[in-house]
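Chains as they are written, first to last, in my numbering: chain S, 1 to 320; chain P, 1001 to 1445.
Next comes the structure, spelled out in C-alpha cells:
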C-alpha cells in the first residue's frame, strides 16, 4: 500500500521533478517530446539560446562519474540561459563524510533552482526531491539500476522521429538489462506511449525472467529476440560484469549477443539500431553496425540536448 | 524478589500489594478467560479470581473494559547496548518495552562490542535490572566477535545470563563452523538462534520480485532463506542440536519448516510483526522505513507466514525492534540501515492480526506470551513455569490493555528512540494502559 503521492507530480498532476517515466501520463511525455521538437531548431540556429531559464541556477550534482550525460545537461541548461554550476561530488564532500542531504542543503543555501542528480544508488533523487524546498526542482540524470528518464525520453524522441508512431512497433532491448537504468526507462516510456511489444534479450544472468513483471517478453536467444523488430536498442556491457560471474569472456558475449550486420538481418529490413553510448565496439556491437546505415546513435546524442532542454524548461515552469 | 535485589525489603512487600479489578483476565496458556480480579504481592501473583483471605492491597487498579494479560515476551528486540550508552538507549528502549506491555525480552548479541564475553553480559543484565522495567534475556554470540571463526565460552556465558547463542544478522560463512557450533551447543543443551540467510545470496536490499526489478534494487531471493534452512535442518538432524529460527520471511521457508517439524526435528521459529502484516509494496517510492532485514516479501509469502503462525508451525511473533536514527535512515534506500522500531507495536499488531484474519484471540496473544516463552524453555530456569502466563505463585508480570482503542501509528510519538516503522500512518487497535513487572507498576498511561 503506497501511502505517498507520486513525488514528481504536483496536486494538479503537473511535472515538478523528473524522477522516472513509470506510469507518467502519456500527455506529459508527448508534451516533452513536442517541446523538444521546438528546441531541435534552436540547436541549428546561429545564436543557440532561448531565455527560458534566465536568472535561474542549475546545479549538476554528479555523485557518480559521467562525461557524456553531464555535458549534454550542461549544454542544455546553458542554451536555456541558466547559470550552470557543475560539482564533482564524488571527489569532494561525500568523501569528507558529508551526507547526501547535507550536500543538498548546502547547495540549496546557494539559491539553487534546479538540481540535476546522478547517483549510484537507486532512488537517491527521490530522497532529494522529498527533501528540497518546494520551489526547487530535481531532474534525475541516472540513479543506480533504477531510472535514467531523460535517456528514455530521448530514445522515444528518436524512435518517434524515425518510426512516427508507437502503436505497431516491436522494440527489442538487448544486453545487460538487469543492471540497466536505460532499459527500465525505455520499457516504462514505451508502455506509456502504447508500444504493443517490448522485448528484452540477453543471457539469463543479465536478462532474468523477472522482467516479464514489467510487461516485456524475455528472450535468451538473440535471433528470436530481434526477429521482426522495428527498433533494436543495444545496451553497453560494463567490464565488471565479467568479474562478477555473470558472463565468461567478452568474446563469447560478442559471439552470442553481439550485433553484427548478418544478425541484424533477423530484424525488419528498415529496423533502426540505437545505443545509449558510449559503445564498446566488438563487444555488444560490431563497428559495421554502429557506423552503418541503420544506426541512429549520433542522432540520439543530438536529440538528447533538445530533450533535456524541454525537461528542464517544463519542470521549472511548474510549481509545487 | 531476586529480580529487585535484596535491598528492597519488607517495606516493599507491603506497598507492593496490588489488586487489579474488573478486567477480562485472559491467559492464553490455560485458556482462562473471565472477568475478575488479580492479586499481587511480593512480586508474585497470589490470587486469580479468588482473593487470599485478609488481602489488603496498597493499591487497586480498575481495569473495567480492559484485557488483563500476561506481560508480553518479545524474542527479538535490539536495545543497542553496549554501544549507545551516550544516548541513554537502554533506558529509552526498556521504557519503550513496558510502554508496549513487553515484560520479558530477548536481545540479540550484535551490540558494540559484541556480547561474546561474560563480563559484558553481566554488565548489561545488571544495568537492565537497575531500571526495574522489563526482564532482559540476552543471547550470546555463537562465535567471537560474530566473526564466524572461534566459538565463544558458551558455558560461562550461560552462567552470566545468556539464554541462547546466535549470529544475529551475520551469517556464518563456513558450514563447518556452523556444524561445530551446533554440536558444541547441543553438548550442553543450549539453543542456537539462527536467522536463515545464505551469506552471498542474502546481500540484496529488497526481496527479489516485481518491485525490486522495477525499482532497480538488488534482490534477496527466497533461495537465500531456503538454502540456509536446508543446511540448518541437515545439521540439526546430525547434531541433535536445538535451533530457533529467527524471522522467517518466505512461504517456501515456511513449507520447509513445516516438514522439519513433522519429521520431529527440534526446531522452533518466529516471524516479525513487519513480515506478518506487510509486503514489499510498502517500499513505495524508495521509502527507507520499509528497508528491513529480512526484506518484506510478496503477498503470497505474507499469507503463508500468517497461516503458519496461526496453526503453530511458527511459534512466536516478535517485534524485531531495531531503533535506527535519522542519519542512518535518511539515505538512499540501499544505503539506509535496515530495521524498524517495534516494541510498542507488538501487541497492537497481534490484536490487529487476530481481528483482520480471524485468528482466535487466544492464539494471537499466545504467540507473544506463552508460546514465545515456550521457545525459551528451560533457559528461563525457575521462571519457566510462569513467564508469559498468569499463574498463582508465578511472577507478577502482566499488562492491562484497552483492546478496542484504535490509534494511528506516528513514529515521532513513540517512547523508543527509534522513530521509523513501516506501520507509520496505519491505524492499529490496542492501547496499553498499565504494565506490571514483578508485581510493580512499571508503566502507566
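Cβ coordinates follow ideal geometry from the N, Cα and C atoms, glycine included.
Would a check of beta-carbon distances place residue i closer than 8 Å to chain P?
i	result
residue 124 of chain S	yes
residue 257 of chain S	no
residue 2 of chain S	Model confidence at residue 2 of chain S stands at a pLDDT of 43, short of 50, so the residue's coordinates are unreliable; what they give is reported in the following sentence. Yes, its Cβ sits closer than 8 Å to a Cβ of chain P.
residue 146 of chain S	yes
residue 181 of chain S	yes
Does any residue of chain S bring its CB to less than 8 Å from the CB of residue i?
i	result
residue 1290 of chain P	no
residue 1357 of chain P	no
residue 1137 of chain P	no
residue 1334 of chain P	yes
residue 1406 of chain P	no
residue 1427 of chain P	no
residue 1252 of chain P	no
Does DSSP classify residue i as helix, strand or coil?
i	result
residue 1136 of chain P	strand
residue 279 of chain S	coil
residue 1291 of chain P	coil
residue 158 of chain S	helix
residue 100 of chain S	helix
residue 172 of chain S	strand
residue 303 of chain S	helix
residue 1 of chain S	In this predicted model, residue 1 of chain S has a pLDDT of only 40, less than 50, meaning its place in the structure is not dependable enough to derive any value.
residue 1437 of chain P	strand
residue 309 of chain S	helix
residue 148 of chain S	coil
residue 1149 of chain P	coil
residue 219 of chain S	strand
residue 38 of chain S	helix
residue 1039 of chain P	strand
residue 1193 of chain P	strand
residue 1144 of chain P	helix
residue 1259 of chain P	helix
residue 254 of chain S	helix
residue 1405 of chain P	strand
residue 26 of chain S	helix
residue 1108 of chain P	coil
residue 199 of chain S	strand
residue 1362 of chain P	helix
residue 59 of chain S	strand
residue 995 of chain P	Here chain P comprises residues numbered 1001 to 1445, so residue 995 of chain P is not present and cannot be evaluated.
Within 10 angstroms of its Cβ, does residue i collect 16 or more other Cβ (buried), or is it exposed?
i	result
residue 110 of chain S	exposed
residue 2 of chain S	With a pLDDT of only 43 at residue 2 of chain S, under 50, the local geometry of the prediction cannot be trusted, and no value is derived from it.
residue 1429 of chain P	buried
residue 1382 of chain P	exposed
residue 1150 of chain P	exposed
residue 1378 of chain P	exposed
residue 151 of chain S	buried
residue 1120 of chain P	buried
residue 1427 of chain P	exposed
residue 174 of chain S	buried
residue 287 of chain S	exposed
residue 1058 of chain P	exposed
residue 1188 of chain P	exposed
Tell me, which residues are paired with residue i by DSSP?
i	result
residue 272 of chain S	S:231
residue 1317 of chain P	P:1271
residue 1426 of chain P	Its beta-bridge partners do not exist; DSSP assigns none.
residue 1207 of chain P	P:1220
Quick one: which chain P residues come within Cβ less than 8 Å of residue i?
i	result
residue 17 of chain S	Neighbours of residue 17 of chain S on chain P: none; closest Cβ ~11 Å, over 8 Å.
residue 7 of chain S	1285
residue 108 of chain S	Ordered by position in chain P, no residue passes the 8 Å Cβ test against residue 108 of chain S, which lies about 15 Å from the chain.
Output, in chain order, the set of chain S residues within a Cβ distance shorter than 7 Å of residue i.
i	result
residue 1217 of chain P	122
residue 1173 of chain P	Within chain S, no residue comes near residue 1173 of chain P; the closest Cβ sits about 17 Å away, beyond 7 Å.
residue 1299 of chain P	Ordered by position in chain S, no residue passes the 7 Å Cβ test against residue 1299 of chain P, which lies about 11 Å from the chain.
Under 7 Å between beta-carbons, which chain P residues line up against residue i? List them in chain order, please.
i	result
residue 275 of chain S	Result: empty, since nearest Cβ-Cβ is about 20 Å, beyond 7 Å.
Starting from residue i, find everything on chain S with Cβ-Cβ shorter than 9 Å and list it in chain order.
i	result
residue 1331 of chain P	99, 100, 101, 121, 124, 127
By the criterion of Cβ-Cβ separation under 9 Å, what are the contact partners of residue i in chain P?
i	result
residue 242 of chain S	Residues of chain P passing the Cβ test: none, with the nearest at roughly 18 Å.
residue 292 of chain S	Under the 9 Å cutoff, chain P gives no residues; its nearest Cβ is about 31 Å from residue 292 of chain S.
Using the beta-carbon of each residue, which ones in chain S are nearer than 8 Å to residue i?
i	result
residue 1214 of chain P	22, 184, 213, 214
residue 1327 of chain P	99
residue 1210 of chain P	210, 213, 214
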